[in-house]
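Engineer: Be aware that the sequence shown starts at 780, since it is given in this note's numbering, and climbs by one per residue.
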Amino acid sequence: MAGAELARLRLAGLAGVAAALAWIVGDMLLVGHVANAVDYPWLAAHADFADRELALRLLGVPASRLAAGALWAAFSVPLYLCGGWHLWRGLRGGGRAWTVPAAALILAGYALAPLPHAAFYFVGATWQAVASADPAGQAALLALAAQFHRVLEWTYFPAVACQALGLLWFAAAVARGGGAYPRWFALTANPLVLGLLAIGVPQLIGGPLSPALGAAAFNVVWLLVYLQSLALLWRGGAARH
């Protein structure tokens, strides 16, 4: 691999690491806190309110923190797109039927992610306004928040599904061989394995860090993938193209 191409590969991998870290920070700022339900009597007053768990993560923090969490991640999406190129470059040589779908799904998931991530801010800021409203105003705000939440769900699940399927396809392509990665990387890049670690370890740790780390589990998975990929491809990988 030529020096200039290797430098681009390294920079793209570093971009992926930086993006994952930025999104981890964004997740923690947005939903890394769990409020005490006792402090929000309007939750009990609206027995039909179905989003209690999410509401407790978006209440009790300044709206400026929610905005920072939304914007910090959204503006770092170009870094994730660069990181996607790094992963595709590591797969190249393994057959287009395997490499192209993996890269396309991952990049599509990254491209779809900013809207649902930012939508958490609008849902949270609206819920925060409920406490200071009169009963009629509370009903109107909850209805508005429900609309925001529907948009969040309609965009969140496709973004997560594309990334998860893309990473599964990526792991399968690595296992098939032919690219610059060793085959064992298919196991340590498998989202099912990494997801268990990213979700399970914070629960074992407990304490105030547990909800923050748990909220960022999906992007912790990406951080682990990019750190491994960067190390494996730092000198060009197992194959030279």
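Where a beta carbon is used, it is the ideal one built from N, C-alpha and C, also for glycine. Model, not experiment: these values are computed from the prediction.
Looking at the secondary structure, which residues open and close the alpha helix (DSSP H) in which Pro893 lies?
Structural biologist: Taken as a continuous stretch (DSSP letters only), the alpha helix (DSSP H) holding Pro893 covers Pro893 to Val909.
Engineer: Taking DSSP as the reference, what is the three-state secondary structure of Ala995?
Structural biologist: Three-state result, Ala995: coil.
Engineer: Tell me the DSSP secondary structure of Ala912 in three-state form.
Structural biologist: Ala912: coil per DSSP, three-state reduction.
Engineer: Quick check: the region 881-894 against the region 906-913, are there 3 or more CB pairs under 8 Å?
Structural biologist: Output reads no: the region 906-913 does not touch the region 881-894.
Engineer: Between which residues of its own chain and Val980 is the CB-CB distance below 8 Å, once the five residues before and five after are set aside?
Structural biologist: If we look at Val980 and ignore the five residues flanking it on each side, its Cβ neighbours are Leu992.
Engineer: Can you give me the C-alpha to C-alpha distance between Glu784 and Leu1011, rounded to a whole angstrom?
Structural biologist: Computed Cα separation, rounded: 15 Å.
Engineer: Ser843 lies in the alpha helix (DSSP H); which residues open and close that run?
Structural biologist: Ala842 to Ala853 is the extent of the alpha helix (DSSP H) around Ser843.
Engineer: Using the Cβ count rule (16 or more neighbours within 10 Å means buried), how would you classify Asp806?
Structural biologist: Per the 10 Å Cβ criterion, buried.
Engineer: In chain order, which continuous runs of the beta strand (DSSP E) of length 3 or greater are located wholly inside the region 961-1005?
Structural biologist: Those beta strand (DSSP E) runs which fall completely within the region 961-1005 and span 3+ residues do not exist here.
Engineer: By alpha-carbon positions, which one of Gln926, Gly795 and Asn969 ends up nearest to Trp948?
Structural biologist: If we check each option's Cα against that of Trp948, Asn969 comes out closest.
Engineer: For Ala794, which residues in the same chain have their Cβ closer than 6 Å to its Cβ, ignoring the five residues on either side in sequence?
Structural biologist: Once the five neighbours on either side are set aside, the close Cβ partners of Ala794 are Leu858, Cys861 and Gly862.
Engineer: Are the CB atoms of Leu1002 and Ala791 within a distance shorter than 8 Å?
Structural biologist: No, Cβ-Cβ distance for Ala791 and Leu1002 is not below 8 Å.
Engineer: Could you pull out every residue in the same chain whose Cβ sits closer than 6 Å to the Cβ of Phe901, ignoring the five residues on either side in sequence?
Structural biologist: Excluding sequence neighbours, Phe901 sits near Phe927.
Engineer: When the distance is taken between beta carbons, is Ser855 closer than 8 Å to Ala801?
Structural biologist: It is a contact, given that the beta carbons lie within the stated cut-off.
Engineer: For Arg929, count neighbouring Cβ atoms within 10 angstroms of its own Cβ and tell me buried if that reaches 16, exposed if not.
Structural biologist: Flag for Arg929 reads exposed.
Engineer: On the DSSP letters alone, give me the boundaries of the alpha helix (DSSP H) that Gly782 sits inside.
Structural biologist: Per DSSP, Gly782 belongs to the alpha helix (DSSP H) from Gly782 to Val810.
Engineer: Which of the three DSSP states is assigned to Val879 in this structure?
Structural biologist: Note: Val879 maps to helix in three-state DSSP.
Engineer: Report the rounded CA-to-CA distance for Ala943 versus Asp913, giving the unit in angstroms.
Structural biologist: Distance between the alpha carbons of Ala943 and Asp913: 43 Å.
Engineer: Decide if Val810 is buried, meaning its Cβ has at least 16 other Cβ atoms within 10 Å, or exposed.
Structural biologist: By the neighbour-count rule (16 or more Cβ atoms within 10 Å), Val810 is buried.
Engineer: Under the rule that 16 or more other beta-carbon atoms within 10 Å means buried, what is His1020, buried or exposed?
Structural biologist: Unreliable positioning characterises His1020 in this predicted model, as indicated by a pLDDT of 39, which lies under 50. The coordinate reading is nonetheless provided below. Per the 10 Å Cβ criterion, exposed.
Engineer: Quick check: the Cα distance between Ala853 and Pro893, rounded to an integer number of angstroms?
Structural biologist: Whole-angstrom Cα-Cα distance: 5 Å.
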